[in-house]
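Okay, so here's the structure we're looking at.
In the numbering used here, the protein residues as written are 470 to 918.
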């Protein structure tokens with residue numbers, strides 16, 4: 470493993486997302502030390518994961534609340550037992566915030582009852598939980614409410630394969646190629662995890678089955694509030710580090726469920742798809758199509774992964790639905806493969822198009838991922854078969870301001886008219902984005918913080 474130089478992690482029982490500042494060996498002594506957070510090991514299959522959450526609820530949350538109720542709504546005094554309850558409760562919150570967890574409606578049902586126990590921790594005056602627990606439980610509850618407990622907008626299963634972490638692998642460089650380094654999500658069934666050290670060389674291991682999330686200093690030139698990686702934290706554990714949204718700044722995350730430019734200028738560049746998600750360019754960490762089946766697509770990422778069924782010629786893109794390249798059924802389309810793009814074809818709402826450095830099209834960015842402007846679905850092609858003999862559908866996306874759309878304004882009532890202004894050419898964008906400064910900072914991502 471390369472020189473990660475992470476700092477020593479603290480106990481999960483004493484950890485809060487906004488606490489535990491630790492020391493760090495850095496070349497710039499004016500940079501604030503990073504913060505760390507410990508995440509417990511949790512099984513990956515749904516039943517085991519549900520049972521783990523249930524055990525924390527029944528063996529830690531409920532007994533702590535009962536003890537508080539006996540004391541007339543006061544916090545139980547510190548003891549071996551109460552400290553262990555809080556360690557497990559905070560570990561659960563750490564996992565929900567930064568672990569390999571995505572909320573779905575199933576977690577409100579059966580034995581988990583997540584909506585009930587989260588409210589239980591912050592809303593019921595009969596039970597007094599520590600302020601950090603109440604604050605974080607309330608934030609999670611409100612976040613899950615906003616997404617209707619996982620039943621809201623979707624990112625289709627057609628992956629962009631823009632595995633943004635591998636872009637930063639030591640010695641891996643930017644465009645093309647993949648693998649190695651930080652690639653992929655950590656294996657959450659590992660029996661060990663990285664506990665961060667201060668010597669800046671080899672991380673230590675523990676059998677406790679915990680992961681460590683490291684929060685960048687706000688004044689870091691690359692990862693801080695003014696850096697290209699702002700909004701991202703890093704989880705260390707298993708074989709390789711994994712990028713996470715930094716929950717300290719979720720209120721500054723731009724909503725991607727918006728049609729049009731969404732405050733972005735064509736040519737806006739991002740070091741990874743996760744950063745593009747934070748900035749509101751694309752609503753999915755890895756999915757290639759983001760939207761819903763009633764409104765259509767908000768955005769798509771062109772990465773070259775589906776090169777056998779997609780074709781990118783710049784102002785015009787021949788784009789297939791999810792599952793098109795893998796389908797082996799000669800008579801039926803992949804389930805749901807046309808839903809979102811068909812709605813976009815009928816509505817003519819503009820779609821943000823982002824290109825990855827892995828996309829073979831000649832004007833794609835050399836590194837990272839770039840927003841290349843608005844396109845409209847203008848045509849649905851006749852059904853075709855892939856090289857496996859499977860049926861697939863393909864749609865034509867035309868860039869607004871080019872070809873047949875040069876003088877046309879495709880717009881739905883109530884949408885921003887600025888979205889249909891003449892767009893800068895792809896060649897012009899290619900020549901200026903990413904900038905020299907962005908390329909230089911991209912190379913410094915590997916140095917971490």
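Every residue gets a Cβ at the ideal spot worked out from N, C-alpha and C, and that includes glycine.
Query                                                                                                                                                                      : Result
Can you tell me which of the three DSSP states residue 908 falls into?                                                                                                     : helix
Compare the beta carbon distance of residue 958 and residue 687 with 8 angstroms and say whether it is the shorter of the two.                                             : Nothing about residue 958 can be reported from this structure: the residues present for the chain run from 470 to 918 only.
Quick check on DSSP: helix, strand or coil for residue 848?                                                                                                                : strand
Output the distance between the C-alpha atoms of residue 891 and residue 842, rounded to the nearest integer angstrom.                                                     : 10 angstroms
Measuring straight from C-alpha to C-alpha, what distance separates residue 721 and residue 701?                                                                           : 12 angstroms
Buried or exposed: which applies to residue 747, given that a residue is buried once 16 or more other Cβ atoms fall within 10 Å of its Cβ?                                 : buried
Does the region 523-533 come within contact of the region 711-720, defined as at least 3 CB pairs closer than 8 angstroms?                                                 : no
Would you tell me roughly how many angstroms separate the C-alpha atoms of residue 685 and residue 847, rounded to the nearest one?                                        : 44 angstroms
Closest to residue 460 by CA distance: which of 751, 540, 757 is it?                                                                                                       : For the chain, the structure presents residues 470 to 918; residue 460 sits outside this window and is missing.
How would you label residue 515, buried or exposed, when you count the other beta carbons within 10 angstroms and need 16 or more for buried?                              : exposed
May I have the straight-line CA-CA distance separating residue 613 from residue 572, to the nearest angstrom?                                                              : 7 angstroms
Identify whether residue 637 lies in helix, strand or coil by the three-state DSSP scheme.                                                                                 : Interpretation of residue 637 is limited by its pLDDT of 47, a score under 50 that renders its predicted location unreliable; the figure taken from the coordinates is listed afterwards. Helix, per DSSP.
Classify residue 557 as buried or exposed, calling it buried when 16 or more other Cβ atoms lie within 10 Å of its own Cβ.                                                 : buried
Assuming residue 901 and residue 736 make a contact with CB atoms under 8 angstroms, what is their CB distance in whole Å?                                                 : 6 angstroms
Is the distance from the Cβ of residue 844 to the Cβ of residue 819 below 8 angstroms?                                                                                     : yes
Look up residue 785 in the DSSP assignment and say whether it is helix, strand or coil.                                                                                    : strand
At what residues does the beta strand (DSSP E) containing residue 505 begin and finish?                                                                                    : 504-509
Using the Cβ count rule (16 or more neighbours within 10 Å means buried), how would you classify residue 911?                                                              : buried
Roughly how many angstroms separate the alpha carbons of residue 537 and residue 567, rounded to a whole number?                                                           : 28 angstroms
Between 590, 610, 859, 788, which has its C-alpha nearest residue 867's C-alpha?                                                                                           : 788
Does DSSP put residue 656 in a helix, a strand or coil?                                                                                                                    : Confidence at residue 656 is low in this model, with a pLDDT of 23, below 50, so the placement of that residue is unreliable and no value is reported for it.
Is it the case that the Cβ atoms of residue 609 and residue 563 are separated by a distance below 8 angstroms?                                                             : no
Please look up how many angstroms separate the CB atoms of residue 823 and residue 768, rounded, as I've assumed it's under 8 angstroms.                                   : 7 angstroms
CB-CB under 6 angstroms to residue 907, same chain, minus the five flanking residues each way: which ones, in chain order?                                                 : 738
Residue 616 lies in the alpha helix (DSSP H); which residues open and close that run?                                                                                      : Residue 616 -> no alpha helix (DSSP H), and no H or E assigned at all.
How big is the Cα-Cα spacing for residue 710 and residue 915?                                                                                                              : 11 angstroms
Report the partner residues of residue 693 according to the DSSP bridge assignment.                                                                                        : Paired residue(s): none; residue 693 is not in a bridge.
Tell me where the alpha helix (DSSP H) around residue 544 begins and ends.                                                                                                 : Element bounds for residue 544: n/a, residue is neither H nor E.
Going by CA-CA distance only, name the one from 679, 583, 765 that's closest to residue 708.                                                                               : 679
Can you pull the DSSP bridge partners for residue 867?                                                                                                                     : 785, 845
Leaving out five residues on either side along the sequence, give the residues of the same chain with a beta carbon under 7 angstroms from the beta carbon of residue 777. : 794, 855, 856
Do you know whose CA, among 619, 696, 762, lies nearest residue 576's CA?                                                                                                  : 619
Mapping DSSP to helix, strand and coil, what is residue 738?                                                                                                               : strand
Report the residue ranges of all beta strand (DSSP E) runs contained in full by the region 809-835; include only those spanning at least 3 residues, in chain order.       : 820-825
Verify whether the separation of the beta carbon atoms of residue 570 and residue 530 is less than 8 angstroms.                                                            : no
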